[in-house]
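Visitor: Please find one structure pasted underneath; my questions will follow.
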Amino acid sequence: MKVLFIDTVHDILQKRLEQKGVECIDGTTWSLEVTKEALTDMDGIVIRSRFRLDESILKFAPQLKFIARSGAGMENIDSDYCEKRNIQLFNAPEGNCTAVAEHALGMILALFNQLKKGDAEIRKGIWDREGNRGLELTGKTVGIIGYGHNGSAFAKVLRGFDCKILAYDKYKTGFGNDWVTESTLEELYEQAEIISFHIPQNEETIYWGNTDFFEQVKHPFFLINLSRGKIIRIADLMNAINNGKVKGAVLDVLEFESSSFASIFGEDIPTDFKELIKSDKVLLSPHVGGWTVESYFKLSNVLADKVIAAYF
Numbered sequence: 000m001k002v003l004f005i006d007t008v009h010d011i012l013q014k015r016l017e018q019k020g021v022e023c024i025d026g027t028t029w030s031l032e033v034t035k036e037a038l039t040d041m042d043g044i045v046i047r048s049r050f051r052l053d054e055s056i057l058k059f060a061p062q063l064k065f066i067a068r069s070g071a072g073m074e075n076i077d078s079d080y081c082e083k084r085n086i087q088l089f090n091a092p093e094g095n096c097t098a099v100a101e102h103a104l105g106m107i108l109a110l111f112n113q114l115k116k117g118d119a120e121i122r123k124g125i126w127d128r129e130g131n132r133g134l135e136l137t138g139k140t141v142g143i144i145g146y147g148h149n150g151s152a153f154a155k156v157l158r159g160f161d162c163k164i165l166a167y168d169k170y171k172t173g174f175g176n177d178w179v180t181e182s183t184l185e186e187l188y189e190q191a192e193i194i195s196f197h198i199p200q201n202e203e204t205i206y207w208g209n210t211d212f213f214e215q216v217k218h219p220f221f222l223i224n225l226s227r228g229k230i231i232r233i234a235d236l237m238n239a240i241n242n243g244k245v246k247g248a249v250l251d252v253l254e255f256e257s258s259s260f261a262s263i264f265g266e267d268i269p270t271d272f273k274e275l276i277k278s279d280k281v282l283l284s285p286h287v288g289g290w291t292v293e294s295y296f297k298l299s300n301v302l303a304d305k306v307i308a309a310y311f
């Protein structure tokens with residue numbers, strides 16, 4: 000079996016596959032054209048997000064058996080085409096869900112306690128205790144939209160804060176427990192003081208966070224997004240912040256990211272982004288929610304588990 004590594008991942012995946020006799024090919028520096036030429040006799044592909052794997056590329060891989068994505072989201076892979084070709088798809092949401100959950104918790108605590116502002120002021124010699132008075136997370140009602148690995152991991156880290164947790168998932172039922180209440184969207188929009196998105200990007204979910212969404216939430220709330228950038232339309236978010244419906248937002252992902260997540264935009268900076276970065280009600284990070292030292296290993300180890308279980 001030959002497997003092409005298109006992106007750099009933790010070497011535990013290669014080591015474990017090689018122990019099973021797999022020939023692992025390093026294509027992490029290859030151009031798209033060189034990659035296409037090399038796919039002729041490949042049985043597997045390992046990728047993060049460097050290329051979108053659709054028919055225009057996968058047609059060059061006639062004997063491809065599987066694609067392993069180091070991460071959770073699969074929007075950069077044409078799953079319909081893969082299904083027609085019987086190409087098995089593996090991802091690894093189990094590998095970075097804890098990292099995502101802790102990052103979300105850290106961001107909302109930083110926003111509530113004005114840590115960025117307070118740190119910046121002290122470095123300028125400003126000692127303003129009253130101006131940096133914070134909010135407590137404890138006791139707040141948190142609405143989680145999407146209750147897969149990431150959503151459930153976020154609920155887990157919130158347990159110590161005695162939050163009321165409402166969770167909605169269109170495709171799951173029966174997951175309520177002692178600390179999470181299975182909820183309808185209507186109930187979540189009615190009660191939540193904080194709403195956190197943990198959903199994949201697809202035709203159903205793109206721009207879920209639009210003006211209609213903000214209007215449906217019954218009272219002012221805080222927003223968390225560590226899923227995908229195009230879940231939230233930034234222009235609509237800024238309108239909601241300016242009219243008071245959104246009291247604050249933490250965003251690890253942005254609408255303007257490149258499909259590879261390697262950069263945020265080209266030479267032209269979107270007007271909406273210029274407004275976003277001026278707001279002191281928004282805290283940003285560069286799509287690193289699942290990007291920890293530990294998750295780097297776990298993502299590859301989980302993929303190794305799945306590939307080996309399927310083929311060896």
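Following numbering that gives the first Met the number 0, the numbering of the sequence shown begins with 0 at its first residue and continues without gaps. Backbone N, C-alpha and C define an ideal beta-carbon position, used for all residues, glycine too.
Suppose contacts are defined by Cβ-Cβ distances below 7 Å. Is residue 213 in contact with residue 244 by that definition?
Guide: Yes. Within cutoff.
Visitor: Jot down the residue ranges of each uninterrupted alpha helix (DSSP H) in the stretch 62–117, minimum 4 residues, whole runs only, in chain order.
Guide: DSSP runs (the alpha helix (DSSP H)) wholly in the stretch 62–117: 78–83 and 92–111.
Visitor: On a Cα-Cα basis, can you pick out the residue from 152, 277, 147 and 299 that is closest to residue 172?
Guide: Minimum Cα distance to residue 172 is reached at 147.
Visitor: Does the stretch 299–306 come close enough to the stretch 0–17 to have 3 or more Cβ pairs within less than 8 Å?
Guide: Judged by Cβ distances under 8 Å, the stretch 299–306 makes contact with the stretch 0–17, as three or more pairs qualify.
Visitor: At the level of alpha carbons, what is the spacing between residue 10 and residue 246?
Guide: Going by the C-alpha atoms only, they are around 43 Å apart.
Visitor: So what does residue 30 bridge to, in DSSP terms?
Guide: BP columns for residue 30 are empty, so no partner.
Visitor: With respect to the alpha helix (DSSP H) encompassing residue 213, which residues constitute its N-terminal and C-terminal limits?
Guide: Start and end: 210–215.
Visitor: Out of 136, 179 and 167, state which residue places its alpha-carbon closest to the alpha-carbon of residue 155.
Guide: Comparing Cα-Cα distances from residue 155 to each of 136, 179 and 167, the minimum goes to 179.
Visitor: Among the candidates 291, 203, 139 and 75, whose CA atom is the shortest distance from the CA of residue 170?
Guide: Per the Cα distances, 203.
Visitor: Grab me the residues of residue 131's own chain with a C-beta within less than 7 Å of its C-beta, minus the 5 sequence neighbours each way, in chain order.
Guide: Only 113, 116 and 117 meet the Cβ criterion.
Visitor: Between 251, 209 and 218, which has its C-alpha nearest residue 226's C-alpha?
Guide: Closest option to residue 226, Cα to Cα, is 251.
Visitor: Please state whether the Cβ-Cβ distance between residue 56 and residue 141 is less than 7 Å.
Guide: Not in contact: residue 56 and residue 141 (Cβ atoms no closer than 7 Å).
Visitor: Given a cut-off of 7 Å, decide if residue 166 and residue 143 are closer than it, judged by their beta-carbon atoms.
Guide: Closer than 7 Å, so yes.
Visitor: Expressed to the nearest angstrom, what Euclidean distance is found between the alpha-carbon atoms of residue 256 and residue 234?
Guide: Distance between the alpha carbons of residue 256 and residue 234: 15 Å.
Visitor: By DSSP's criteria, residue 231 is part of a beta bridge. Which residues make up the other side?
Guide: Per DSSP, 208.
Visitor: Which residue wins for smallest C-alpha separation from residue 210, given the options 241, 187 and 195?
Guide: Comparing Cα-Cα distances from residue 210 to each of 241, 187 and 195, the minimum goes to 241.
Visitor: Which residue marks the beginning of the alpha helix (DSSP H) containing residue 224, and which one marks its end?
Guide: Taken as a continuous stretch (DSSP letters only), residue 224 belongs to no alpha helix (DSSP H), being part of the beta strand (DSSP E) at 220–224.
Visitor: Which of helix, strand or coil does DSSP assign to residue 150?
Guide: Residue 150 falls in the helix class under three-state DSSP.
Visitor: To the nearest whole angstrom, what separates the beta carbons of residue 298 and residue 91, a pair I think is in contact under 8 Å?
Guide: Correct: roughly 5 Å between the Cβ atoms.
Visitor: Relative to the C-alpha of residue 59, which residue among 74, 49, 160 and 33 is closest?
Guide: Comparing Cα positions, the closest option is 33.
Visitor: Mapping the DSSP letters down to three states, classify residue 253 as helix, strand or coil.
Guide: Three-state DSSP puts residue 253 in coil, outside helix and strand.
Visitor: Between which two residues does the beta strand (DSSP E) carrying residue 196 extend?
Guide: Residue 196 -> beta strand (DSSP E) spans 193–196.
Visitor: If we ignore side chains and look at the alpha-carbon of each, how far apart do residue 80 and residue 40 end up?
Guide: Answer to the nearest angstrom: the Cα atoms are 19 Å apart.
Visitor: Quick one: is residue 62 buried, meaning 16 or more other Cβ sit within 10 Å of its Cβ, or exposed?
Guide: Exposed, since its Cβ has fewer than 16 Cβ neighbours within 10 Å.
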